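Residue numbers (UniProt numbering), protein chains in the order written: chain A, 1 to 311; chain B, 1 to 263. The structure under discussion appears below in the form of structure tokens.
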């Protein structure tokens with residue numbers, strides 16, 4: 001053995017350090033994110049300074065938006081407004097606390113929808129990987145499903161939900177919202193998971209076949225781990241779309257308590273209190289980011305499966 | 001019992017532009033413990049023949065048995081180990097876990113897996129790299145891990161499809177010497193696909209020369225260079241003589257040898 005070891009010695013190389021730059025890369029990403037927000041704020045204020053209050057006109061046609069304080073309030077006005085009470089009524093909570101509790105409601109509903117959608121998407125992808133016929137039959141429908149406007153679906157789902165009584169389970173309004181959110185979330189997960197399941201090269205698939213491994217074993221030990229680099233971005237995207245779906249569904253089903261309803265409520269005071277609707281819009285956008293970030297946490301424990309994503 | 005027996009085996013791939021006869025009338029017997037190389041130009045069906053034995057494809061005609069069973073039964077009974085040109089290691093598993101994979105798939109206990117993996121890694125000279133991940137290894141080292149993996153279940157037949165094809169010449173020769181030793185230790189029969197004449201001659205007891213369109217066996221050259229095959233064999237006249245014999249069989253006509261007649 002020893003003589004062999006010495007013959008082989010020149011080929012041995014020092015172990016390659018695994019992802020030495022990861023930490024600094026995270027730091028840089030945060031920095032870039034903060035910079036992007038600052039640039040956006042600067043652009044907003046720049047437009048307010050440069051474009052006349054009445055907006056830009058070419059003849060009769062309006063080509064640039066109105067930039068007066070009513071249409072585009074200053075950034076600091078919006079920030080101020082967030083910290084003020086919601087209404088002039090005594091004991092009214094601040095806009096911030098109202099928005100936080102609304103976001104918390106929507107986030108929970110969206111995550112429930114994301115969970116349902118992700119599980120459904122994974123199962124659908126597994127089905128399509130298992131039978132090529134299923135893939136050929138289902139992919140067009142999966143794509144088509146995303147062209148149906150959510151607004152059209154919402155009343156239908158609420159209608160069906162109202163008729164569901166499973167023993168103790170009473171169908172709640174928020175469940176309809178979650179279901180609609182899952183309808184948006186399942187799409188990226190299905191597509192990402194299918195690509196991931198099909199990603200192992202022939203040599204690996206045939207190795208499992210040569211070992212007479214069953215389909216489920218191959219799925220568990222080969223296809224699922226190999227799909228992680230595809231799944232994580234898909235799940236992240238699914239979380240963001242679930243939030244959008246939940247907000248739209250809240251509005252179209254008239255569900256109270258969430259940020260969707262808050263946006264509508266605040267929009268009604270736009271003429272007198274223009275900073276308020278903007279605050280709600282920003283909160284909704286941030287909510288999508290938070291949801292995506294929460295899902296990113298899933299990737300922390302999966303480092304060894306993310307070789308393709310990282311390198 | 002013979003490791004592989006093929007009687008009139010043929011394989012036709014149906015394609016839109018007509019049938020492709022990848023293999024036709026293949027008769028081949030590989031005895032237990034025998035090292036046989038398949039050599040020939042691209043498209044001669046040597047890899048196809050290996051895939052038929054491994055039950056990764058099914059023959060369209062003829063009869064093929066592996067240890068007296070159908071290839072499917074042999075595959076399900078784990079009678080063979082296999083290594084491809086690509087190492088095909090799972091990147092999320094350590095070197096040890098990659099070697100353990102076949103054992104894990106067949107429900108071998110943890111302790112036994114660990115012992116066997118350690119054994120195999122020292123056999124291929126990689127014990128120090130047990131905890132590394134595949135991307136931390138060179139191509140040659142990855143290929144050695146794949147060979148260790150193919151030996152995990154002590155198969156009595158090894159199927160190898162150009163396992164050294166992607167390696168540089170120096171590593172390749174080192175791996176060949178190593179493979180001769182490993183095979184001698186394990187006593188397994190080997191079917192080895194290659195397109196390198198010296199490689200086939202150095203490793204094999206018999207070299208099966210194939211010709212393309214349709215894939216056929218054109219000659220079988222016995223090469224008996226003895227059990228003790230070291231580096232000096234590569235400089236030996238008997239080695240060159242065998243290389244010439246295979247080359248002539250491969251080209252169909254005698255190559256006009258300058259100088260000494262090696263036969």
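Where a beta carbon is used, it is the ideal one built from N, C-alpha and C, also for glycine. The structure displayed is predicted, hence computed values, not measured ones.
- Cβ neighbours of residue 243 of chain B within its own chain (closer than 7 Å, five residues either side excluded): 197, 198 and 201.
- At least one CB atom of chain B sits nearer than 8 Å to the CB of residue 207 of chain A.
- If you look at residue 174 of chain B, you'll find it in the alpha helix (DSSP H) that goes 169-186.
- Flagged as an interface residue toward chain B: residue 225 of chain A, by a C-beta distance shorter than 8 Å.
- For residue 46 of chain B, the three-state secondary structure derived from DSSP is helix.
- Residue ranges of uninterrupted alpha helix (DSSP H) with 4 or more members, entirely inside the stretch 98-150 of chain A and ordered along the chain, are 132-145.
- When C-beta distances to chain B are compared with 8 Å, the residues of the stretch 178-207 of chain A below that value are 201, 203, 204, 206 and 207, in chain order.
- Taking C-beta separations shorter than 7 Å and ignoring five residues to either side along the sequence, the partners of residue 41 of chain A in its chain run 75, following chain order.
- Residue 161 of chain B counts as buried, since at least 16 other C-beta atoms from the protein chains shown sit within 10 angstroms of its C-beta.
- With its beta carbon less than 8 Å from one in chain A, residue 88 of chain B belongs to the interface.
- Note: residue 72 of chain A is not bridge-paired with any residue in the DSSP secondary-structure output.
- For residue 113 of chain B, the nearest beta carbon of chain A is not closer than 8 Å to its own beta carbon.
- Here residue 10 of chain B is near residue 62 of chain B, since their CB atoms are less than 8 Å apart.
- Ranked by Cα distance from residue 95 of chain B, the first of B:122, B:234, B:240 and B:133 is B:133.
- Leaving aside the five residues that flank residue 245 of chain B on each side, the residues in its chain whose CB is nearer than 6 Å to its CB run, in chain order, 221.
- The C-beta distance from residue 153 of chain A to residue 180 of chain A rounds to 6 Å, short enough to meet the 8 Å contact threshold.
- Between residue 158 of chain A and residue 246 of chain A, the C-beta gap is not smaller than 8 Å, which leaves the two residues out of contact.
- With respect to residue 187 of chain A, residue 227 of chain A sits apart: the two C-beta atoms are not nearer than 8 Å.
- At a cut-off of 8 Å, the C-beta of residue 155 of chain B has no neighbouring C-beta in chain A.
- If one requires a minimum length of 4 residues, the alpha helix (DSSP H) runs lying completely within the stretch 223-299 of chain A are 224-253, 259-267 and 275-296, in chain order.
- Per DSSP, the beta bridge partners of residue 10 of chain B are B:61.
- Membership of residue 206 of chain B in the beta strand (DSSP E) is indicated by the continuous run 206-211.
- Taking a C-beta distance under 8 Å as the contact criterion, residue 193 of chain A and residue 122 of chain A qualify as a contact pair.
- Per the coordinates, the alpha-carbon of residue 251 of chain B lies some 43 Å from the alpha-carbon of residue 119 of chain B.
- At a C-beta separation below 9 Å, residue 73 of chain B has no neighbours in chain A, since its nearest C-beta there lies roughly 10 Å away.
- Taking C-beta separations shorter than 6 Å and ignoring five residues to either side along the sequence, the partners of residue 43 of chain B in its chain run 212, following chain order.
- DSSP places residue 251 of chain B within a helical segment (H, G or I) once states are collapsed to three.
- Membership of residue 218 of chain A in the alpha helix (DSSP H) is indicated by the continuous run 215-218.
- Its chain contains no residue whose beta carbon lies nearer than 6 Å to that of residue 77 of chain B once the 5 sequence neighbours on both sides are disregarded.
- A residue is called buried once 16 or more other Cβ atoms fall within 10 Å of its Cβ, and residue 204 of chain A is buried on that count.
- About 22 Å separates the Cβ atoms of residue 28 of chain B and residue 206 of chain A, ruling out a contact at the 8 Å cut-off.
- Contact annotation: residue 96 of chain A and residue 83 of chain A have beta-carbon atoms nearer than 8 Å.
- Contact annotation: residue 251 of chain A and residue 261 of chain A have beta-carbon atoms nearer than 8 Å.
- With distances taken between CA atoms, residue 223 of chain A lies nearest to A:195 out of A:237, A:235, A:236 and A:195.
- In the DSSP assignment, residue 192 of chain B is bridged to B:37 and B:160.
- Taking 8 Å as the threshold, the shortest C-beta distance from residue 132 of chain A to chain B does not fall below it.
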